[in-house]
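Right, one structure below, let's go through it.
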Amino acid sequence: MQQAIPYKSWPLPCIDATSHRARSTTTLGHNGRGKDVLNIVSENAVIVLARKGCCMSHVVRRLLLTLGVNPAVHEIDEEDEAGVLNELGTICKGTENNKMVQLPAVFIGGRLFGGLDKVMATHISGDLIPVLKDAGALWL
Amino acid sequence: MPFSNLPLLVYIYQIWEEEGIEAIETWNVGEQELEGDEESKLSIALDINSTCAKVAFVIISKSMNSPTPQFVPSRLSIYEPIHQIGIWGENFKRNGNPNTSTSLIVEVDNKLENESETTSHEMLAPTNNYEQEASKPIDKIQRRLAQNREAARKSRLRKKAYVQQLENSRLKLIQLEQELQRATQQGLYMGGVLEGSHIGFSGTVNSGIAAFEMEYGRWVDVQHRQICELRTALNAHISDIELRILVKSGMGHYFELFRMKSTVAKADVFYVISGVWKTSAERFFSWIGGFRPSELLKVLVPQLDPLTEQQILEVCNLKQSCQQAEDALSQGLEKLQETVSSTVAGGPVAEVSYIPQVATAMEKLEALVSFVNQADHLRQETLQQMSRILTTRQAARGLLALGEYFHRLRALSTLWVTRPPEPSLP
Chain A
35 MQQAIPYKSW PLPCIDATSH RARSTTTLGH NGRGKDVLNI VSENAVIVLA
85 RKGCCMSHVV RRLLLTLGVN PAVHEIDEED EAGVLNELGT ICKGTENNKM
135 VQLPAVFIGG RLFGGLDKVM ATHISGDLIP VLKDAGALWL
Chain B
652 MPFSNLPLLV YIYQIWEEEG IEAIETWNVG EQELEGDEES KLSIALDINS
702 TCAKVAFVII SKSMNSPTPQ FVPSRLSIYE PIHQIGIWGE NFKRNGNPNT
752 STSLIVEVDN KLENESETTS HEMLAPTNNY EQEASKPIDK IQRRLAQNRE
802 AARKSRLRKK AYVQQLENSR LKLIQLEQEL QRATQQGLYM GGVLEGSHIG
852 FSGTVNSGIA AFEMEYGRWV DVQHRQICEL RTALNAHISD IELRILVKSG
902 MGHYFELFRM KSTVAKADVF YVISGVWKTS AERFFSWIGG FRPSELLKVL
952 VPQLDPLTEQ QILEVCNLKQ SCQQAEDALS QGLEKLQETV SSTVAGGPVA
1002 EVSYIPQVAT AMEKLEALVS FVNQADHLRQ ETLQQMSRIL TTRQAARGLL
1052 ALGEYFHRLR ALSTLWVTRP PEPSLP
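These protein sequence lines are chains A and B, in that order.
Here our numbering is used: the first residue of the first sequence is 35, the next is one more, and so on.
Here our numbering is used: the first residue of the second sequence is 652, the next is one more, and so on.
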């Protein structure tokens, strides 16, 4: 039986004292501060980071929904975008070849999976569902 | 000679012979007046009831000025006249009508046999020879009949060749018209773009589109060549290794098209999405600026039999994945439409200035480029996956089927353009 993970609303921003990555900017907005992004990413099996009002994120979401996954969607304001991408860049050093993260970005199992391109390609080759299952986003 | 003082009219009839010679007609001289180039026709009347075939040429020269009948040069086939005129003479006398015509039967003699087809400027003196000729020997008649048949056959062959040439020219003309139509459409389209747009920008757009048009024309030609090569190769049963090379270049050719489209989409995304660069039938099936991957699979799969169980399963999965991806993209595009629509419509209508709304909408439209790229990406991935599932030979057949399908769609468009016009209502 397939069970979709419910959309998770992440908590109010809080300062992470233990983080060694000191953030110079801590803009008080509704969404997308660097540290929180990391938390959010690690807390969700599947999450889509996207700009506000981005239609491509809508595409990703619809596709994942068709597969039975209800992804968390985290919208980033324009002003926060640079900071968030920077933050993501540091955690992705190991996985990607130092490319700047493109939005919308899909994280599966706490790790950067890729953009819409990657999701589409993986889906067509039939490998997306196994990946989702591994991450615990899908049950058979 | 009886009719020399009267104005004469020339009726020259020509009846094409079919196989064998049959009784054609006995015309009443003076009653049938032909027009224009029919004047260059020659008639034969044949009386097969008699033991010897009788052929008479009736040539009546049309010449207001000259009192004498003249043999009008015309394209005569080589009809060998066997003359006998006695019968005609009587007809003449009966039908003599001073107002319209006076006909004169001219006896054409055996000299015609040696004349060329187009020149015959011999002046044939009208004869008073109305006596019945002695019947020619049968074999001579047969020979002449055979020559007539031969001449008729040659005429038919010439006519056939001429018609063939006409058909070829016609097809070429249609192609040119289509190109012209496409260029005009693009011109109109560009006219819409240029209206009030920045000169610099439109210059870039123009050259981007022009470059694409040229490249695409070449692409189609290469595509056609590749299809023919594939067909030949498959029929010739060449080795898998060689076939693989053809398959790779075929796939690469499609990828090349996606690259071209990506470039021109940056210049003008509406150009790509509108599909104006394609033929009308292709445009009918267009989805985000190209073919729909799931449609492609529907076209391909029947051509690929036999497939193994495993392959059938994989193709099934691919069909489903394609459909899901397409739906996701389509829904995303709908969302974009809603967004642009609400942006453009937003703000107080009472205000004269709408620049902010339109400017914002412009930004959102940039997303269209992503949609075109994603759609092409999906097409590419689908083709790649198919090539993974299939054997080399199957992949070759698949590429052939795909190429042939688009080729036929283009032919359909051409045919459509040349359909006969609707009959106008009275």
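Every residue, glycine too, gets a C-beta built ideally from N, C-alpha and C.
At a cut-off of 9 Å between beta carbons, Ala979(B) contacts chain A.
The Cβ neighbour count for Glu818(B), taken over all protein chains shown within 10 Å, is under 16; the residue is labelled exposed. Within the same chain, Cβ atoms closer than 7 Å to the Cβ of Glu866(B) are found at Met911, the five residues on either side in sequence being excluded.
Residue burial annotation: Thr930(B) is buried, with at least 16 other C-beta atoms found within 10 angstroms of its C-beta.
The stretch 1017-1025 of chain B makes no contact with the stretch 1041-1048 of chain B: fewer than 3 CB pairs, one atom from each, lie closer than 8 Å. Sequence-ordered contacts of the stretch 1022-1047 of chain B with chain A read Gln1025, His1028, Leu1029, Glu1032, Thr1033, Gln1036 [C-beta pairs closer than 7 Å]. Per the coordinates, the alpha-carbon of Val920(B) lies some 13 Å from the alpha-carbon of Asn857(B). Proximity of Val165(A) to chain B, defined by a Cβ-Cβ separation below 9 Å, is not satisfied.
For chain B, the residues of the stretch 79-113 of chain A that bring a beta carbon within less than 7 Å of one of its beta carbons are Gly87, Cys89, Met90, His92, Val93, Arg96, Leu97, Thr100, in chain order.
For Glu907(B), the enclosing alpha helix (DSSP H) starts and ends at 891-918.
The beta-carbon of Gly868(B) is placed no less than 9 Å from the nearest beta-carbon of chain A. By the beta-carbon neighbour count (other beta carbons within 10 angstroms, threshold 16), Cys973(B) is buried. The beta carbon of Gly160(A) sits closer than 9 Å to some beta carbon of chain B.
Taking a beta-carbon distance threshold of 9 Å, Ser890(B) does not count as an interface residue toward chain A. By the rule that beta-carbons nearer than 9 Å mark a contact, Leu987(B) touches chain A. Here Leu1050(B) is near Gly901(B), since their CB atoms are less than 9 Å apart. Counting other Cβ atoms within 10 Å of its Cβ, His888(B) stays below 16 and is therefore classed as exposed. Distance from the CA atom of Arg833(B) to the CA atom of Gln826(B), rounded to whole angstroms, is 11 Å. Bounds of the beta strand (DSSP E) holding Ile142(A) are 139-142. Near chain A, meaning a CB-to-CB distance below 8 Å, the residues of the stretch 946-978 of chain B are Glu965, Asn968, Leu969, Ser972, Cys973, Gln975, Ala976, Asp978. Residue contact check for Lys1015(B) against chain A: a CB pair falls below 9 Å. Here the C-alpha atom of Leu150(A) lies approximately 19 Å from the C-alpha atom of Gly941(B). One finds Gln1025 in chain B with Cβ atoms closer than 7 Å to the Cβ of Leu150(A), taken in chain order.
Counted as a single uninterrupted DSSP element, the beta strand (DSSP E) harbouring Leu146(A) occupies residues 145-148. Thr124(A) counts as exposed, since fewer than 16 other beta carbons sit within 10 angstroms of its beta carbon. The continuous alpha helix (DSSP H) containing Ile163(A) extends over residues 162-168. Residue pairing for Ile81(A): DSSP places it in a beta bridge opposite Ala106(A), Phe141(A). Here Trp928(B) is not bridged, per DSSP, to any residue.
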